[in-house]
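Participant: Add 2 to the 1-based position in the sequence shown for this note's numbering, that's all there is to it. For glycine and all other residues, C-beta sits at the position ideal for the given N, C-alpha and C.
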Amino acid sequence: LTGLFLGNVTVDVPLSATYFVVAHFHMVMGVSPILVVFGAIYHWYPKITGRMLNDTLGRIHFWLTFLGTYAIYLPMHYLGILGVPRRYYAFGGTNFIPPSAEWANTAITISALFVAAVQMVFLFNLIWSLSKGKPAGSNPWRATTLEWQTPDTPPKHGNWGAKLPVVYRWAYDYSVPGAKEDFIPQNQPVDARTPPGREHGIKS
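#1: Under 8 Å by Cβ, that's how I've got residue 13 and residue 74 pegged, so tell me the actual separation to the nearest angstrom.
#2: Quick one: give me the first and last residue of the alpha helix (DSSP H) that residue 118 is part of.
#3: Do residue 52 and residue 167 count as a contact pair if the criterion is CB distance below 9 Å?
#4: So, with DSSP's three-state summary, where would you put residue 98?
#5: Checking the sheet assignment: what are the DSSP bridge partners for residue 176?
#6: To which residues does DSSP link residue 87 through a beta bridge?
#7: So what does DSSP say about residue 137, is it helix, strand or coil?
#8: Are the beta-carbon atoms of residue 81 and residue 131 separated by less than 9 Å?
#9: Please determine, among 112, 139, 186, 84, the residue with the shortest C-alpha to C-alpha distance to residue 102.
What follows is the structure, encoded as structure tokens:
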């Protein structure tokens with residue numbers, strides 16, 4: 003949401019060369035994609051390895067990373083509003099920067115070191131779960147997409163062998179009225195009794 007401030011030229015001009023922009027950019031272009039990558043690893047790790055990651059370690063990793071990154075970048079927004087410029091390795095005897103900026107910079111450094119250390123929890127979880135994780139089964143998330151319908155977990159070379167799957171439906175058949183399961187995989191044939199176009203619960 004900090005982009006809303008920078009979208010207003012009267013606010014953007016005084017903030018554009020400060021820590022505010024550093025915080026905004028790295029939250030949007032750095033932290034957000036990294037969290038997406040972590041989410042993808044947690045999601046597909048069971049299919050790749052056949053084992054589940056430890057749920058408790060995963061929650062610890064997420065919350066400490068999430069809170070730690072905000073502990074880095076929220077103070078940067080504060081520094082930017084104070085007028086602390088970016089790309090300076092030292093500020094010298096400037097009079098316009100209050101003493102609180104020094105404490106904020108110290109807190110940012112400590113938070114960054116903390117977030118880096120927390121990633122050891124993630125790495126430990128990856129390695130430990132390879133042998134100690136619970137067996138994942140073929141579809142632990144009850145997902146509908148094709149990668150979760152492979153005959154083997156982890157998938158063998160070629161994923162499907164000699165017989166490729168046939169796609170009968172879209173990837174979002176969840177909670178379909180009248181269905182036996184809460185999810186219907188893409189390679190499950192459409193019930194012959196279902197009128198065309200109604201297999202997703204969509205009324206014409």
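Facilitator: A quick look at the data gives this:
#1: Going by Cβ atoms, the distance from residue 13 to residue 74 rounds to 22 Å, so no, they are not a contact pair.
#2: 102-134
#3: no
#4: coil
#5: 185
#6: 20
#7: strand
#8: no
#9: 84
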